[in-house]
Amino acid sequence: MLNWLKKLWNWLKSLFNPPSDAIETDEPSLSDAEYESVLFTLLEAIKKGRSWGSCQGFLISRNIKPDKLAEWIEEKSLEWLDNKDNYQQLGQDLEELGNIASGKLGNIARNLSSELGVRGSEFGNFQGNNLQNTEPNPTPSETQNITSSQTTTDEVQRLIDQAVEQYQRGEYQEAVNTVVEITQQYPNDYQGWYYLGELMGTFQQYEQAIASYDKALQLKPDYHPAWDHRGIILCDNLGRFEEAITSFEKALEIKPDYYSAWHNRGVALSNLQRFNEDIASYDKALQLKPDLHQAWYYRGNTLGNLRRLDEAIASYDKALQLKPDFPEAWYHRGLAASSSTASEGYILRVESQFIDTFQLELTDASRQLINYFQSL
74 MLNWLKKLWN WLKSLFNPPS DAIETDEPSL SDAEYESVLF TLLEAIKKGR
124 SWGSCQGFLI SRNIKPDKLA EWIEEKSLEW LDNKDNYQQL GQDLEELGNI
174 ASGKLGNIAR NLSSELGVRG SEFGNFQGNN LQNTEPNPTP SETQNITSSQ
224 TTTDEVQRLI DQAVEQYQRG EYQEAVNTVV EITQQYPNDY QGWYYLGELM
274 GTFQQYEQAI ASYDKALQLK PDYHPAWDHR GIILCDNLGR FEEAITSFEK
324 ALEIKPDYYS AWHNRGVALS NLQRFNEDIA SYDKALQLKP DLHQAWYYRG
374 NTLGNLRRLD EAIASYDKAL QLKPDFPEAW YHRGLAASSS TASEGYILRV
424 ESQFIDTFQL ELTDASRQLI NYFQSL
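Just so we're aligned: the sequence shown equals residues 74 to 449 in the working numbering.
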């Protein structure tokens with residue numbers, strides 16, 4: 074029996090873990106609907122606070138290069154810009170993507186976010202020469218410093234893009250080496266340390282990830298994504314919930330409307346069973362972003378733990394209204410409903426819906442596994 078379990082485990086690992094020398098295959102030709110599904114799944118992951126390394130892993134699993142997704146977004150942008158009022162939320166989500174993505178995808182996401190009006194209000198009233206330049210002209214030495222700084226920034230960005238491309242090709246060690254090269258050649262540039270933290274987190278080197286984020290924050294203490302991602306590692310991977318809360322709160326000191334950090338703070342508080350505090354944190358995230366289905370879901374979990382079942386069901390309903398193919402929410406709603414006298418028998422109806430929606434989330438490997446056990 075033990076040998077059989079070991080064989081099963083090895084088989085599972087072969088399905089879900091790509092070999093280090095993975096061979097790059099040709100990208101499939103995707104329809105607009107498929108690209109749209111990939112984009113919105115990626116944006117949902119970013120809302121949840123996933124790192125850029127984690128997001129790249131998702132794109133790799135779909136065999137999609139960020140540049141190809143960027144090209145599709147660029148083509149699709151004409152349609153979105155013709156109906157700006159209908160795509161304000163998309164503009165906000167693209168702004169978040171632009172904040173963490175590098176290369177062409179990051180640039181296009183930032184530019185399109187601005188064109189959709191997310192940040193346009195800052196410059197929307199500029200006309201002609203109404204905005205006067207009150208700054209004195211730079212001296213020659215200042216000009217030289219600016220040029221040198223720009224050269225350094227360009228070189229760092231080139232190396233970051235190189236590391237991303239290496240990662241996408243499955244050259245994981247080479248990607249790490251490139252980012253390490255950034256930290257060695259430009260030790261005072263926070264980006265190298267930040268991306269090293271992202272890679273270390275992706276490869277489950279969590280203590281090294283924390284050390285890298287700490288170095289990035291030493292160089293740029295107001296870089297709120299590093300505080301947030303540092304907190305995610307502390308919470309999700311190291312179980313150091315108090316430290317995670319401190320990290321999320323640092324991010325919120327810098328950017329009080331950072332809904333991702335409010336949500337993540339709530340998750341850490343939930344792990345400490347500080348339920349009233351975590352509800353307040355989820356509520357703040359939802360005040361900033363009412364369509365954050367993850368916050369509705371986790372809020373429902375906490376309300377269920379407090380035996381406030383009707384409120385829990387209402388929270389799950391909000392999550393499912395926003396994301397009908399959310400199997401965990403269906404499942405936990407069923408649990409809450411089965412404990413509520415007002416919803417007797419609901420769990421039986423949820424079970425079928427749960428199975429149907431869960432199938433939508435399965436990878437091919439997962440389906441192989443389920444089909445295997447169903448055939449026994």
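Note that beta-carbon positions come from the ideal geometry of N, C-alpha and C, so glycine has one too.
Using the Cβ count rule (16 or more neighbours within 10 Å means buried), how would you classify residue i?
| i | result |
| --- | --- |
| glutamate 298 | The amino acid at residue 298 is misidentified as glutamate; the sequence shows proline. So proline 298 ends up on the buried side. |
| leucine 151 | exposed |
| arginine 380 | exposed |
| glutamine 264 | buried |
| glycine 122 | buried |
| phenylalanine 399 | buried |
| leucine 382 | buried |
| glycine 312 | exposed |
| aspartate 166 | buried |
| proline 397 | exposed |
| glutamate 14 | Nothing can be reported for residue 14: it is not among the residues displayed for the chain, which extend from 74 to 449. |
| arginine 372 | buried |
| glutamine 454 | Given that the chain is displayed from residue 74 to residue 449, the structure contains no residue 454 and the question cannot be resolved. |
| aspartate 295 | exposed |
| valine 252 | buried |
| aspartate 262 | buried |
| proline 139 | buried |
| glutamine 241 | buried |
| leucine 75 | With a pLDDT of 44 at leucine 75, under the threshold of 50, the predicted position of this residue should be treated as unreliable, though the coordinate-derived value follows. Exposed: under 16 other Cβ atoms inside 10 Å. |
Looking only at C-alpha atoms, which of the options sits nearest to residue i?
| i | options | result |
| --- | --- | --- |
| lysine 357 | Tyr371, Leu376, Tyr332, Leu379 | Tyr332 |
| lysine 288 | Thr375, Ala248, Trp266 | Trp266 |
| glutamate 322 | Ser388, Asp309, His336 | His336 |
| glutamate 144 | Phe314, Lys121, Gln235, Asp105 | Asp105 |
| leucine 376 | Asp398, Leu361, Gln360, Gly339 | Gly339 |
| lysine 157 | Asp309, Leu142, Ser186 | Ser186 |
| lysine 120 | Ala385, Ser388, Lys362, Leu345 | Lys362 |
| alanine 18 | His302, Leu311, Leu170 | Coverage of the chain is limited to positions 74 through 449, which leaves residue 18 absent and any answer about it impossible. |
| serine 354 | Ala368, Leu345, Ile181 | Ala368 |
| histidine 366 | Glu326, Ala387, Arg242, Glu147 | Ala387 |
| glutamine 346 | Lys138, Phe314, Ile233, Leu269 | Phe314 |
| isoleucine 173 | Ala118, Ala402, Ala392 | Ala118 |
| isoleucine 306 | Asp295, Gln277, Gln291 | Gln277 |
| leucine 359 | Ala341, Lys328, Lys391 | Lys391 |
| glycine 274 | Cys308, Pro294, Leu292 | Cys308 |
| threonine 226 | Ser320, Gln258, Ala385, Leu163 | Gln258 |
| tryptophan 300 | Asn250, Glu148, Lys328 | Lys328 |
| arginine 135 | Glu148, Glu147, Leu115 | Leu115 |
| alanine 282 | Lys293, Val249, Pro260 | Val249 |
| glycine 243 | Tyr389, Ile181, Ile137 | Ile137 |
| alanine 410 | Ala385, Glu401, Ala334 | Ala385 |
| glutamate 280 | Leu290, Leu292, Asn310, Ile255 | Asn310 |
| lysine 149 | Ser320, Leu395, Ile181 | Ile181 |
Taking the alpha helix (DSSP H) that residue i falls in, what are its first and last residues?
| i | result |
| --- | --- |
| phenylalanine 113 | 105 to 120 |
| asparagine 261 | Run containing asparagine 261: none; DSSP gives neither H nor E here. |
| alanine 284 | 279 to 292 |
| glycine 166 | Inspection of the sequence shows that residue 166 is occupied by aspartate rather than by glycine. Segment 161 to 173, the alpha helix (DSSP H) holding aspartate 166. |
| tyrosine 389 | 382 to 395 |
| aspartate 155 | 139 to 155 |
| aspartate 301 | 297 to 305 |
| glutamate 244 | Where glutamate 244 is concerned, there is no enclosing alpha helix (DSSP H), given that its DSSP letter is neither H nor E. |
| leucine 185 | 176 to 188 |
| arginine 406 | 400 to 411 |
Our contact map puts residue i next to residue j with C-beta atoms below 8 angstroms; I'd like the distance itself, whole angstroms only.
| i | j | result |
| --- | --- | --- |
| valine 229 | glutamine 129 | Valine 229 to glutamine 129, Cβ: 18 angstroms. No contact. |
| glutamate 188 | leucine 154 | 6 angstroms |
| histidine 405 | asparagine 378 | Contact doesn't hold; Cβ gap of about 11 angstroms is too wide. |
| glycine 304 | alanine 317 | 4 angstroms |
| tryptophan 125 | glutamate 271 | 6 angstroms |
| serine 175 | isoleucine 233 | 5 angstroms |
| leucine 342 | aspartate 330 | 19 angstroms between Cβ atoms; not a contact. |
| leucine 163 | leucine 142 | No, leucine 163 and leucine 142 are not in contact; Cβ-Cβ is about 14 angstroms, not under 8 angstroms. |
Return yes when the C-beta of residue i is under 7 angstroms from any heavy atom of the ligand PLP, and no when it is not.
| i | result |
| --- | --- |
| cysteine 308 | Inclusion of the ligand PLP in the displayed structure is not the case, the ligand content being empty and no account of it being possible. |
### Task
Pick out the complete alpha helix (DSSP H) segments inside the region 328 to 377, 4 residues or longer, and give them in chain order.
Assignment of alpha helix (DSSP H) within the region 328 to 377, counting only whole runs of 4 or more residues, yields 332 to 344, 348 to 361 in chain order.
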